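Contents: one structure, followed by commentary.
Number of protein chains: 2
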Amino acid sequence: MISKELKNNLSGSSWVRKMFEEGEKLRAIYGADKVYDFSLGNPEFNPPVEVKTKLKEIVNSDISGIHKYMNNAGFSDVRLKIAENLNKDLISPLGEKHIIMTCGAAGGLNIVLKTILNPEEEVIVFAPFFGEYKFYASNYGGKCIVVPTLKESFQIDLDLFEKSINEKTKAVIINSPNNPTGVIYSEDILKKMADIIDKKEKEYGSYIFLLSDEPYSKIVYDGIKLPVIHNIFKNSIIINSYSKSLSLPGERVGYLAINSKIEDIDLLFNGLVFANRTLGYVNAPALFQKVIADCLDATVDVEAYKERRDILYNELTSLGFSCIKPEGAFYLFPKSLIEDDVEFVLKAKEFNILLSPGSGFGCPGYFRLSYCVSMETIKNSLEGFKKLAEYYKITN
Amino acid sequence: MISKELKNNLSGSSWVRKMFEEGEKLRAIYGADKVYDFSLGNPEFNPPVEVKTKLKEIVNSDISGIHKYMNNAGFSDVRLKIAENLNKDLISPLGEKHIIMTCGAAGGLNIVLKTILNPEEEVIVFAPFFGEYKFYASNYGGKCIVVPTLKESFQIDLDLFEKSINEKTKAVIINSPNNPTGVIYSEDILKKMADIIDKKEKEYGSYIFLLSDEPYSKIVYDGIKLPVIHNIFKNSIIINSYSKSLSLPGERVGYLAINSKIEDIDLLFNGLVFANRTLGYVNAPALFQKVIADCLDATVDVEAYKERRDILYNELTSLGFSCIKPEGAFYLFPKSLIEDDVEFVLKAKEFNILLSPGSGFGCPGYFRLSYCVSMETIKNSLEGFKKLAEYYKITN
Chain A
4 MISKELKNNL
14 SGSSWVRKMF
24 EEGEKLRAIY
34 GADKVYDFSL
44 GNPEFNPPVE
54 VKTKLKEIVN
64 SDISGIHKYM
74 NNAGFSDVRL
84 KIAENLNKDL
94 ISPLGEKHII
104 MTCGAAGGLN
114 IVLKTILNPE
124 EEVIVFAPFF
134 GEYKFYASNY
144 GGKCIVVPTL
154 KESFQIDLDL
164 FEKSINEKTK
174 AVIINSPNNP
184 TGVIYSEDIL
194 KKMADIIDKK
204 EKEYGSYIFL
214 LSDEPYSKIV
224 YDGIKLPVIH
234 NIFKNSIIIN
244 SYSKSLSLPG
254 ERVGYLAINS
264 KIEDIDLLFN
274 GLVFANRTLG
284 YVNAPALFQK
294 VIADCLDATV
304 DVEAYKERRD
314 ILYNELTSLG
324 FSCIKPEGAF
334 YLFPKSLIED
344 DVEFVLKAKE
354 FNILLSPGSG
364 FGCPGYFRLS
374 YCVSMETIKN
384 SLEGFKKLAE
394 YYKITN
Chain B
4 MISKELKNNL
14 SGSSWVRKMF
24 EEGEKLRAIY
34 GADKVYDFSL
44 GNPEFNPPVE
54 VKTKLKEIVN
64 SDISGIHKYM
74 NNAGFSDVRL
84 KIAENLNKDL
94 ISPLGEKHII
104 MTCGAAGGLN
114 IVLKTILNPE
124 EEVIVFAPFF
134 GEYKFYASNY
144 GGKCIVVPTL
154 KESFQIDLDL
164 FEKSINEKTK
174 AVIINSPNNP
184 TGVIYSEDIL
194 KKMADIIDKK
204 EKEYGSYIFL
214 LSDEPYSKIV
224 YDGIKLPVIH
234 NIFKNSIIIN
244 SYSKSLSLPG
254 ERVGYLAINS
264 KIEDIDLLFN
274 GLVFANRTLG
284 YVNAPALFQK
294 VIADCLDATV
304 DVEAYKERRD
314 ILYNELTSLG
324 FSCIKPEGAF
334 YLFPKSLIED
344 DVEFVLKAKE
354 FNILLSPGSG
364 FGCPGYFRLS
374 YCVSMETIKN
384 SLEGFKKLAE
394 YYKITN
């Protein structure tokens, strides 16, 4: 009845669904306020005031034609504003023709991979990684090559990276600040990656695209400055969304920014716009394109996320969890208290705590905790984490 | 640099782009009011007042959490409202689990084809047809089998249809009211199609899905009642959008309605939701799901479209164009005045009239005229059509 490949993928991903359904059951039994759901990256925060104000302004002004189709690449004025905003940090500036509005970062990654991948070509990802990348690549006949990061630091292992590149390599996906670890890749490491890619492109006479998936680029702590990808790489494409930075995940709006240093940029641009159209996205939602265009410097309250990070990080490490301190995004990625992370996550559920096993991110033995939740949820969950830690102390 | 398949498709579809660019050039030279653009199905009308009112109500009420992720299938309450609205006409009623909110009909068709197609399986379409179907099927390794309709009437040729089905047939796409002809398939013809599909499914022991692409279902003239697909077929899926019925094409909101008579409906539903997630749509835009849910009986001004149909139909036929009178949608599909429809459309451009050649719909020798434009555009274009007709009278 349904496609064989999809049926296989479906059964492989069914535990995520099961976890979600288990969570729903727990909420029905104990009440939503007694279930501590750290399993999803669905921001609890409402969008910043700038977004709300702009949205009301546009909707109440009755501008004609605001909901119509536009160019499949998005509204020209919106694309120009995004380019100009990015140009503040760029050595080689972008224009309208380097920006394509997308249905979030997930839509953006899909149209890039659809555009560049021939069957059997390879996409390098670094574990732990956002599990959906595997599906995005296989949608277009591509194959994810999973390269582990360094133990403890979760930074790129440059030797392993270099060895994983071959003549079939078409793209490398990085995600910094990282989901699920919160790690930021340093400028030094990125420059070394760029040198490796450059060398390998020459060796194979190929294009190897650096795809930078950056939905967490505005959620950075402790004064760290994010390295500017397009200044470091040549064949790079930024994939971004307003899901996290403006707390608009349900509205599906994001963009691609193509490095202006890429040769034959018109072919790439036309290919991406064609993919955006024929994959059925057609265009990013019209109203929210206009909304975000005037909120490019707005962000959600990053200090509030930092506060949540600090409480949970301090609490969990004091309970004996081993965990790297996140520099960005809104996830903790601690070591599981037992080897089997799925069993650990199922045990946490007994304390009404919902987590995601590291296996879903290509990194067994860990778990992900998403702290884009209310402070109340965090505070009320602490007792449960304590009991969970005690349980394993007693058991071990 | 880009995928070989995409590069080929791109060059094949470049005349559409060229036409669009030519139109832009004309507008720059003569002014937008002197260029009569009938090439796109981009409704000139604003959304009906119910939509505007609801949108303002939601946006101004500051409801918390309205822009968050929801279940990948869409908001439960929205899906239930759509099911109940459809149930007024259905023998076998639908519930929440039969509805999936999608990014328009284009997104809906893509997730259905992704879900059901194995490589090399076939999708039957009836020419003339919406040209994008070919790309939607090939995105997932499928193949469109183009079956011509009956000369003059553009109705389904049942004999040809039956002969085109084989063991590889996985789906049949119908689009009624039809883009580009405006034809509606009668209940009698659809019932005979259902019998043929039923017989062939038994013969091959296969599933053959009837996919009804219905974005024009609310734009129907002369009191005609549209046959109810789910009452006629068994393995049917409705693909609909609010792009045309509520003039919201840029907002990308639509839905799938799965026939409740389908066996193993949970597998199909889960597959579709998985495809919606992993193709990167994630979910239909949140705010507009909530907006349309309370506007299910609203429509754009169908009388205004009828007025446009009548003027253009009467004018063109009086000029000697041969054309079927549309029963729905907002397109005319007249015979080209010369065999080469692309050449004809290029000639029309000289009179500042932008049309689409029938070749783009698998039906050379015709052209499509989209009349979802202002009455002013129509009236001002008539002189140009007259000159165009005269030109060919003189030339022939």
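Protein chains in written order, with the numbering used here: chain A, 4 to 399; chain B, 4 to 399.
Just so you know, even glycine gets a beta-carbon here, dropped at the ideal spot from N, CA and C.
Note that the structure is a prediction, hence the values are computed from the model and not measured.
>> I want to know whether the stretch 155-172 of chain A touches the stretch 32-44 of chain B - three or more CB-CB distances under 8 Å.
In response: Segments in contact, no.
> Should A/Phe336 and A/Pro183 be called a contact, given that it needs their Cβ atoms to be closer than 8 Å?
Replying inline: Between A/Phe336 and A/Pro183, the CB-CB gap stays under 8 Å.
>> Looking at A/Leu275: is its Cβ nearer than 8 Å to the Cβ of A/Leu259?
In response: By the CB criterion at 8 Å, A/Leu275 and A/Leu259 fall inside the cutoff.
> The beta strand (DSSP E) spanning A/Thr172 covers which residue range?
Replying inline: Note, A/Thr172: beta strand (DSSP E), 172-177.
>> With DSSP as the reference, identify every bridge partner of A/Asp216, one or two as the case may be.
In response: DSSP, once it has assigned bridges, lists A/Ile242 as partnering A/Asp216.
> Exposed or buried, what is B/Ser339 when buried is set at 16 or more other beta-carbons lying within 10 Å of its beta-carbon?
Replying inline: Burial of B/Ser339 is indicated by the presence of at least 16 other C-beta atoms within 10 angstroms of its C-beta.
>> Counting only Cβ-Cβ distances shorter than 7 Å, please list the residues of the stretch 257-279 of chain A near chain B, keeping chain order.
In response: Of all residues in the stretch 257-279 of chain A, only Asp267, Leu270, Leu271, Asn273, Gly274, Phe277, Ala278 come within less than 7 Å of chain B when Cβ atoms are compared, listed by chain position.
>> Taking 8 Å as the threshold (beta carbon to beta carbon), is B/Arg371 in contact with chain A?
In response: Cβ-Cβ to chain A under 8 Å: no for B/Arg371.
> In three-state terms, what does DSSP make of B/Val294?
Replying inline: Shown here, B/Val294 sits in a helix according to DSSP, grouped into three states.
>> Would A/Ile5 pass as an interface residue toward chain B - the criterion being a Cβ-Cβ separation below 8 Å?
In response: Closer than 8 Å: yes.
>> Can you check whether the C-beta of A/Cys366 is within less than 8 Å of a C-beta belonging to chain B?
In response: When Cβ-Cβ separations below 8 Å define contact, A/Cys366 makes no contact with chain B.
>> Less than 8 Å between the C-beta atoms of B/Ile295 and B/Leu249, yes or no?
In response: The answer is yes: Cβ separation under 8 Å.
> What is the C-beta distance between B/Asn238 and B/Asn262, in whole angstroms, given that I count them as a contact (C-beta under 8 Å)?
Replying inline: Yes, B/Asn238 and B/Asn262 are in contact; Cβ-Cβ is about 7 Å, under 8 Å.
> How would you label B/Val52, buried or exposed, when you count the other beta carbons within 10 angstroms and need 16 or more for buried?
Replying inline: Exposed.
> For B/Tyr394, which residues in chain A fall below 8 Å Cβ to Cβ?
Replying inline: By Cβ distance, chain A contributes nothing, its closest Cβ being about 31 Å from B/Tyr394, past 8 Å.
>> Between the alpha carbons of B/Lys247 and B/Asn181, how many angstroms are there, rounded?
In response: Near 13 Å, if we compare the C-alpha coordinates of B/Asn181 and B/Lys247.
>> Need the endpoints of the beta strand (DSSP E) that B/Arg312 sits in, please.
In response: Segment 305-321 is the alpha helix (DSSP H) holding B/Arg312; no beta strand (DSSP E) there.
> Contact check, B/Thr281 vs B/Lys221 under 8 Å by CB: the rounded distance?
Replying inline: No, B/Thr281 and B/Lys221 are not in contact; Cβ-Cβ is about 31 Å, not under 8 Å.
> Between which two residues does the beta strand (DSSP E) containing B/Lys146 stretch?
Replying inline: 146-151 is the span of the beta strand (DSSP E), which, as asked, contains B/Lys146.
> How many Å lie between A/Lys328 and A/Ile199 at the Cα?
Replying inline: If I take the Cα positions, the gap works out to 28 Å.
> Can you name the residues of chain B whose CB is closer than 7 Å to the CB of A/Ile119?
Replying inline: What A/Ile119 touches in chain B, judged by beta-carbon distance under 7 Å, is Ile5, Ser6, going in chain order.
> Counting along the chain, where does the beta strand (DSSP E) carrying B/Leu259 start and finish?
Replying inline: Residues 257-261.
> Can you find a CB in chain A that lies within less than 8 Å of the CB of B/Pro288?
Replying inline: So, interface residue.
> When the Cβ atoms of the stretch 223-241 of chain B are set against those of the stretch 84-99 of chain B, are three or more pairs found closer than 8 Å?
Replying inline: Enough Cβ pairs lie closer than 8 Å, so yes.
> Based on Cα-Cα distance, which residue from B/Thr118, B/Leu290, B/Ile381 lies nearest to B/Tyr316?
Replying inline: The option with the nearest alpha carbon to B/Tyr316 is B/Ile381.
> In chain A, which residues lie less than 8 Å from B/Met73 when you measure between Cβ atoms?
Replying inline: Under the 8 Å cutoff, chain A gives Gly253.
>> Using 8 Å for Cβ pairs, my map puts B/Gly111 next to B/Thr105. What's the rounded Cβ distance?
In response: The Cβ separation is near 4 Å, so the contact holds.
>> Is it buried or exposed, B/Thr398, if we count other Cβ atoms within 10 angstroms and call 16 or more buried?
In response: Counting Cβ neighbours within 10 Å, B/Thr398 comes out exposed, since fewer than 16 surround it.
> So is B/Met196 buried or exposed if we call it buried at 16+ other beta carbons inside 10 Å?
Replying inline: B/Met196 should be labelled buried.
>> Among B/Lys293, B/Ala392, B/Leu213, whose alpha-carbon lies nearest the alpha-carbon of B/Ile119?
In response: Residue nearest to B/Ile119 within the set B/Lys293, B/Ala392, B/Leu213 is B/Leu213 (criterion: CA-CA distance).
> Around the Cβ of A/Met73, are there at least 16 other Cβ atoms within 10 angstroms (buried) or fewer (exposed)?
Replying inline: Counting Cβ neighbours within 10 Å, A/Met73 comes out buried, since at least 16 surround it.
> On the premise that A/Met378 lies in contact with A/Arg311, defined as a C-beta separation below 8 Å, what is that separation, rounded to the nearest angstrom?
Replying inline: Contact flag correct, Cβ pair sits at about 7 Å.
> Going along the chain, which residues of its own chain have a beta-carbon closer than 7 Å to the beta-carbon of B/Tyr207, five neighbours each way excluded?
Replying inline: Scanning its chain for C-beta atoms nearer than 7 Å, with the 5 sequence neighbours on each side dropped, one finds around B/Tyr207 the residues Glu170, in chain order.
>> Between which two residues does the alpha helix (DSSP H) holding A/Val115 run?
In response: In the DSSP assignment, A/Val115 falls within the alpha helix (DSSP H) that extends over 107-119.
>> Could you check whether the stretch 347-357 of chain A touches the stretch 318-328 of chain A, counting it as contact only if at least three pairs of C-beta atoms, one from each stretch, sit closer than 8 Å?
In response: Contact between the stretch 347-357 of chain A and the stretch 318-328 of chain A is absent: fewer than three C-beta pairs spanning the two stretches fall below 8 Å.
> Taking C-beta to C-beta, are A/Ile241 and A/Val115 nearer than 8 Å?
Replying inline: A/Ile241 places its beta carbon 8 Å or farther from that of A/Val115.
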